[in-house]
Amino acid sequence: MDQPITTARLDEQRLEAFVGRMLGELGAAGSITLARIGDRLGLYKALHAKGPMTSAELAAETGCAERYVREWLAQQAASDYLTYDPDTRRFTLPAEHAMVFAVEDSPVFMMGAVELSASIAREADAVMAAFRTGEGVHYDNREGCLFCAMARFFRTGYRNDLLTNWIPALSGMTERLEAGARVADIGCGHGLALVMMAEAFPNSTFTGYDFHEGSVAAAREHAAAHGVADRVRFEVATAKDFPGRDFDLIAFFDTLHDLGDPVGAAAHVRGALAPGGTLMVVEPQAADRLEDNFNPVGRLYYGGSTMICVPASLAQETGRALGAQAGAAVLTSVLHKAGFTEVKRVADSPFNMVLEARG
Numbered sequence: 000m001d002q003p004i005t006t007a008r009l010d011e012q013r014l015e016a017f018v019g020r021m022l023g024e025l026g027a028a029g030s031i032t033l034a035r036i037g038d039r040l041g042l043y044k045a046l047h048a049k050g051p052m053t054s055a056e057l058a059a060e061t062g063c064a065e066r067y068v069r070e071w072l073a074q075q076a077a078s079d080y081l082t083y084d085p086d087t088r089r090f091t092l093p094a095e096h097a098m099v100f101a102v103e104d105s106p107v108f109m110m111g112a113v114e115l116s117a118s119i120a121r122e123a124d125a126v127m128a129a130f131r132t133g134e135g136v137h138y139d140n141r142e143g144c145l146f147c148a149m150a151r152f153f154r155t156g157y158r159n160d161l162l163t164n165w166i167p168a169l170s171g172m173t174e175r176l177e178a179g180a181r182v183a184d185i186g187c188g189h190g191l192a193l194v195m196m197a198e199a200f201p202n203s204t205f206t207g208y209d210f211h212e213g214s215v216a217a218a219r220e221h222a223a224a225h226g227v228a229d230r231v232r233f234e235v236a237t238a239k240d241f242p243g244r245d246f247d248l249i250a251f252f253d254t255l256h257d258l259g260d261p262v263g264a265a266a267h268v269r270g271a272l273a274p275g276g277t278l279m280v281v282e283p284q285a286a287d288r289l290e291d292n293f294n295p296v297g298r299l300y301y302g303g304s305t306m307i308c309v310p311a312s313l314a315q316e317t318g319r320a321l322g323a324q325a326g327a328a329v330l331t332s333v334l335h336k337a338g339f340t341e342v343k344r345v346a347d348s349p350f351n352m353v354l355e356a357r358g
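All residue numbers for the sequence shown refer to numbering that gives the first Met the number 0, where the first residue is 0 and numbers rise by one.
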């Protein structure tokens, strides 16, 4: 039975402020959907390339129906994503906003996150059912191309930090890769990270492992398209049964917290490293205390973790369900339990932390 409303005990200013905030949240939810449309249909990129346009001009440029474009533009201006000149009736995508919406190689490009948010929304019913049963939601049971959205989301970090921040932070690794090293990526997805590394280090060889056959097929196509298929191969395997030994570097890119048995997987990795080899663990940026993650990045990751990471882990054996905000202390404990004797946090970026494990 619903509790009776007793307004006498309510802080009216707090209530009014929160209602206003929720109004903004509802508008933002619609903005994410329309941002995805703008991305998919090339509306943002057209505005970035051509400059201010009317709805008719943008519709003609992109091959879209003017009436839909007109309404989309109005919402984007109301969201302060675009600016509007009432004298010319033209809409402008500011250069700073274009870095978020239209420039794929920008360090703040967020359309991958928008795509992932749209994919997550389609999973609500499956995850809601899992809330009742406590069971997981396996990646194989996800709708649409969640893996495509994840690859695009992670690409921004790889593009801007992998070669300039993460790899150089590992002791002596740049020199080893330049000379020629054997590298493996566990949970490689579409293979974006390995292909970037292969392009940068032509003397090294790379192997990616993923349980998802569709992702492995996409990774092979990606390597071929970039002309590195002779040095990068991809195989279907799990984190606890992948073949191969004597790797100089093995990486988990935003993968360890998704695993059902992260200790077992890390132990298997330890056995696959060459003497003196290194495990690189790239994980979402997180503090160790729950309350220290109450910020925009933590909010983003807790949402994704509730919908993707925790359900995925619970669908596997052991079901440790570390979550995307596990924090360095928990991750370090996992690696120590797997047998690594030396674990260091060696790099940070706005959305990620990097741990180096050896021994």
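Ideal Cβ placement from N, Cα and C applies to all residues, glycine included.
Using only the alpha-carbon positions, how far apart do residue i and residue j sit?
| i | j | result |
| --- | --- | --- |
| D347 | Q284 | 8 Å |
| D124 | N202 | 47 Å |
| C144 | C308 | 16 Å |
| V215 | Q12 | 54 Å |
| R181 | A323 | 28 Å |
| A27 | D257 | 28 Å |
| A197 | T317 | 34 Å |
| A120 | E114 | 10 Å |
| F153 | E220 | 18 Å |
| S54 | V68 | 6 Å |
| V345 | N351 | 11 Å |
| D291 | R141 | 31 Å |
| L22 | L9 | 19 Å |
| R230 | R35 | 35 Å |
| V280 | G19 | 41 Å |
| R89 | D104 | 27 Å |
| L354 | L255 | 11 Å |
| L330 | A73 | 46 Å |
| S116 | G213 | 21 Å |
| E24 | I31 | 11 Å |
| L191 | C147 | 11 Å |
| I166 | F205 | 15 Å |
| E174 | R158 | 20 Å |
| A199 | A228 | 14 Å |
| A77 | G303 | 27 Å |
| F210 | T237 | 5 Å |
| A129 | G29 | 26 Å |
Can you round the beta-carbon distance between residue i and residue j to whole angstroms, since I take them to be within the 8 Å contact cut?
| i | j | result |
| --- | --- | --- |
| V102 | M109 | In fact, because the Cβ distance is near 11 Å, the residues do not count as touching under 8 Å. |
| D247 | G276 | 5 Å |
| A314 | V136 | 6 Å |
| A311 | Y80 | That pair is no contact at about 32 Å. |
| L40 | C63 | 6 Å |
Does DSSP classify residue i as helix, strand or coil?
| i | result |
| --- | --- |
| P51 | coil |
| L248 | strand |
| T204 | strand |
| T163 | helix |
| E355 | strand |
| V107 | coil |
| F17 | helix |
| T254 | coil |
| E234 | strand |
| E341 | strand |
| V136 | coil |
| A228 | coil |
| D347 | strand |
| A327 | helix |
| R121 | coil |
Determine the contact status of residue i and residue j, defining contact as a CB-CB distance below 8 Å.
| i | j | result |
| --- | --- | --- |
| A45 | L57 | yes |
| L233 | A223 | It is worth fixing the name first, because residue 233 is Phe in this sequence and not Leu. Not closer than 8 Å, so no. |
| P261 | V342 | no |
| M195 | L169 | no |
| A273 | G338 | no |
| D240 | G207 | no |
| R319 | G243 | no |
| P51 | D84 | yes |
- Query: Which parts of the segment 51-102 are runs of the beta strand (DSSP E), unbroken and 3 residues or longer, counting only runs that do not cross its ends?
  - Reply: 82-84 and 89-91
- Query: Which ranges would you report for the beta strand (DSSP E) in the segment 253-324 if only whole runs of at least 3 residues count?
  - Reply: 272-283
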